[in-house]
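Contents: one structure, followed by commentary.
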Amino acid sequence: MQRRIIFALLAIVVIAVMLIKPRLPITVTDSTRGVYDQIEALDSGAVIMLSFDHEASSLPEIGPIGAAIAEHCFRRGISVVGLALFSEGNALGYDLLSRRAADAGRTYGTDWMYLGFRPQYTAAILGMGENIGDVFATDYNGTPITSFPLGERVRTYDDIALVVSIADGSMPTYWIEYAANRYGEKIIAALSAVMVTSFTPYLESGQLAGILTGLKGAAEYEQLLGIPKAGTRGMAAQSAAHVLIAFLVLWGNVDAWRRRKSDGTKR
Amino acid sequence: MNPLRDRLAIFTATAAGVFMTVQYFVSAPWMDATYRAILSWMQIIFACALIVGIGAVIKNHLTKIQRKPNERYYSVVLLVAVAAMAIAGFTGGIDQGSSFLWVFNHLQAPMQATVFSLLAFYVTSAAFRGFRARSIESAILIGAGLIVLIGRVPIGELLTPHLPSTADWIVNVPALAAKRAILIGIGLGMVATALKVIAGVERTYMGGR
Amino acid sequence: MMWETTITALLTLAIYTILVGDNPLYKFAEHLLLGLTIGYSLVITVKSILIPQAITPMAEGSLAAVIPIVLGSVMFLRVHAKLAGWSQIPLALLIGAGAGAAIPAMMQARVLKQVSATISGSGTLDGVIILLGVIVTIMYFVFTRPHSGGWGKAAVAGRYFMMIFFGATFAYTVMSRMALLIGRLEFLLADWLGVM
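Residue numbers (the working numbering), protein chains in the order written: chain R, 1 to 267; chain C, 1001 to 1209; chain S, 2001 to 2196.
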């Protein structure tokens, strides 16, 4: 089958399902529930660090997870300190937290704060274990972080209940190696689906406190929050696309088998 | 080639590496202060390296404008975009409501996401044309892939409850085992490479000399 | 605003034209994206790091930033044909310090804890399978020994475990890429065309 026919088939199937909008039940996995329960169990007034360790390329997939976690935190009165170890994650994270905080009526400097971007992740993660102010003397907009109540409260990882690394690559590995290993910080990885199989060993060994997986993880989290949004909306189309690929793989194999058989018969 | 400079570079790498390793195990006020200083220096040096890289790309495209008439217009587009973003960011700030953030949110981020969404088409085409069960290994790969593919989405739960649990088992047991072995191997390999850097054996940062 | 959404939508469609074949519209969008990304990185690097961490402290008379500024400035010598070699010094500091920090961290996180979890988790059937899987996969990667006899059979088993891993990873890769496509199509259908 010509490549362009396959491209067209994929587009047609996904668009058709998106327009029809069938409702599919979403079962919350243990993995997502584990993350939700940990955040739910925190006292209001606890501080969570959200690290936007991803590029704009993966925004449609893991943007919804970041949004869901931010919403959960603001709903519970948990303070959020945002930062980025990826350049594009910097603006994405600031924009996401600004919007969510505005929706939830949360105040910058008291309920949330955005530190900005540091390119050298080893130095940043290790440095925050000694003193966050050494790594981020000023926030995203250039204001000294100590001029904010939240900036005064949060000095090291001891003041942070957990770190959520929203990542499309291996950045959570470095959070584990440097923040968890050396400073005992709890790390949760909110991952692009492609990275999940790389991090299950860390979850199983207890080095990661939880994993959220891609758009499905966002859909499950939205289910727990009771707010169906981008994650939930995408599930029907996601299912359809997967079924299409499975069908194409099987068809390709059956077709190849039939050809091998007919070539064998001709000889 | 400058032997004194090269020796200084190797000495710097060795000294920094040994210090950072020892510092993990030994604590003393002067060591902690030096450790924090090195961590902050790393950010500034890295930032300067980023700017050098940016300069190299700009120089490359300026050269293209001069020497490659067929591609110069695209290089002009690139350089104009760099300039526009830089002017927007340095003059108008990077806060909510700035033109810098507007361009990022409405042009850069959506285009970046779109480029990567092309992979959906290519992975579909590759799956149809390339995934053939010609051997036991490929049959296992395809079988595991199909089970996880359908088991991990809501439609899998509708087909049979055994599919999601089987997909879970595949990911959390045999796939985990293989990945763990790969992790251990990579971990040992990277530790060996780091030791070679500190010992001055690995010198790729010096252009391979 | 509609015109903002339309601009974004047109650029999105320009990129999708590559599916039909290489064309000037796609090349334009590609170079525009690259230029914006470079400009963005330049602004963020200067405003988020160099100004607050180096330039401002220096301007305020702090000597703490002198050494990193000197080292960072030496990096710029890379553009000079004769003096480029001196940029090896700050690079050596970066790489050496990174390597030194990584040794205990990687040893602990990637090796010791993973081995420990494998052994301590082997009290269940799944744990035994994981233990065996880790062992045979590692045996597969020992290429200094011929894969024959019992070792060869174990290496084959290791290959099977890896095929399961690659299959699962393929499935998740599909999931990831499809999510990106769904996100972009939702923008086009809902935000731009308003048909969803």
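Don't be surprised by glycine CBs; every beta carbon is placed ideally from N, CA and C. All values derive from a computational prediction rather than experimental measurement.
- Within the region 15-102 of chain R, complete beta strand (DSSP E) segments of at least 3 residues are found at 47-53 and 79-84, given in chain order.
- With respect to the 9 Å criterion, R/Pro144 and R/Thr110 are not classified as neighbours on the basis of their beta carbons.
- In this structure, the beta-carbon distance from R/Ser51 to S/Ser2176 does not fall below 9 Å.
- Inside the region 2034-2072 of chain S, DSSP marks whole alpha helix (DSSP H) runs of 4 or more residues at positions 2056-2059, from first to last along the chain.
- At least one CB of chain S lies nearer than 9 Å to the CB of R/Lys21.
- Among the CB atoms of chain S, one or more fall inside 9 Å of the CB of C/Arg1152.
- Under the criterion of beta carbons closer than 8 Å, C/Met1111 and S/Ala2029 qualify as touching, at roughly 6 Å.
- With the criterion set as a beta carbon lying under 7 Å from some beta carbon of chain R, the members of the region 1038-1052 of chain C are Leu1039, Ser1040, Met1042, Gln1043, Phe1046, Ala1047 and Leu1050, in sequence order.
- For C/Thr1193, the enclosing alpha helix (DSSP H) starts and ends at Pro1174 to Ile1198.
- When the beta-carbon positions are compared, S/Tyr2016 and C/Thr1124 stay at least 9 Å from each other.
- Annotation: S/Trp2003 is outside any beta strand (DSSP E); the continuous alpha helix (DSSP H) that includes it extends over Met2002 to Tyr2016.
- For the pair of segments examined, the region 205-221 of chain R was found to touch the region 65-85 of chain R: the number of CB pairs separated by less than 8 Å reaches three.
- In the three-state reduction of the DSSP assignment, S/Val2074 falls in the helix class, which pools H, G and I.
- The beta-carbon distance between S/Ala2097 and C/Ala1167, rounded to whole angstroms, is 42 Å. This is too long to meet the 8 Å contact definition.
- Distances from the CA of R/Leu24 to each of R/Pro228, R/Ile6 and R/Val196 were compared; the closest alpha carbon is that of R/Pro228.
- DSSP, read as helix, strand or coil, puts R/Ile166 in strand.
- DSSP places S/Phe2143 outside both helix and strand once states are collapsed to three, so it counts as coil.
- For R/Phe52, not one C-beta of chain C is nearer than 9 Å to its own C-beta.
- For the region 229-246 of chain R, the beta-carbon criterion of a distance under 9 Å to any beta-carbon of chain C is satisfied by Met235, Ala236, Gln238, Ser239, Ala240, Ala241, His242, Val243, Leu244, Ile245 and Ala246.
- The beta carbon of R/Lys216 sits closer than 9 Å to some beta carbon of chain C.
- Between R/Asp134 and R/Gly89 a beta carbon distance of about 21 Å is seen, past the 8 Å cut, so the two are scored as non-contacting.
- Relative to C/Arg1036, the option among R/Phe136, R/Leu248 and R/Gly184 whose CA is nearest is R/Phe136.
- Just measuring C-alpha positions, the residue of C/Ala1127, C/Met1031 and C/Asn1172 sitting nearest R/Phe7 is C/Ala1127.
- Counting only residues of its own chain and dropping the five nearest sequence neighbours on each side, S/Ser2087 has a CB closer than 7 Å to the CB of Val2074, Met2075, Leu2077 and Arg2078.
- Ranked by Cα distance from R/Val164, the options R/Val47, R/Ser87, R/Ile20 and R/Arg4 are led by R/Val47.
- Note that the C-beta distance between R/Tyr157 and R/Gly184 is below 9 Å.
- Close to R/Phe136, with beta-carbon spacing below 9 Å, lies no residue of chain C; the smallest spacing is near 10 Å.
- Taken atom to atom, the span from the alpha-carbon of C/Pro1154 to that of S/Ala2171 is near 14 Å.
- R/Ala218 is a Cβ neighbour of R/Ile65, given a cutoff of 9 Å.
- Under a criterion of Cβ atoms nearer than 9 Å, the residues of chain R adjacent to S/Arg2184 are, in order, Pro60.
- Excluding residues up to 5 positions away in sequence, Thr2118, Gly2121 and Ser2122 lie with their Cβ nearer than 8 Å to the Cβ of S/Ile2130 in the same chain.
- Cβ contact annotation for R/Ala56 (same chain, cutoff 7 Å, sequence separation greater than five): Glu88 and Leu92, in chain order.
- Of the candidates C/Thr1012, C/Gln1023, C/Gly1187 and C/Glu1202, C/Gly1187 places its Cα closest to the Cα of S/Gln2108.
- C/His1061 and C/Leu1118 have their C-alpha atoms spaced approximately 26 Å apart.
- Under the 8 Å Cβ criterion, the region 2145-2158 of chain S does not count as touching the region 1157-1172 of chain C, having fewer than three qualifying pairs.
- For S/Gln2088, no CB of chain R lies under 9 Å from its own CB, so it is not counted at the interface with that chain.
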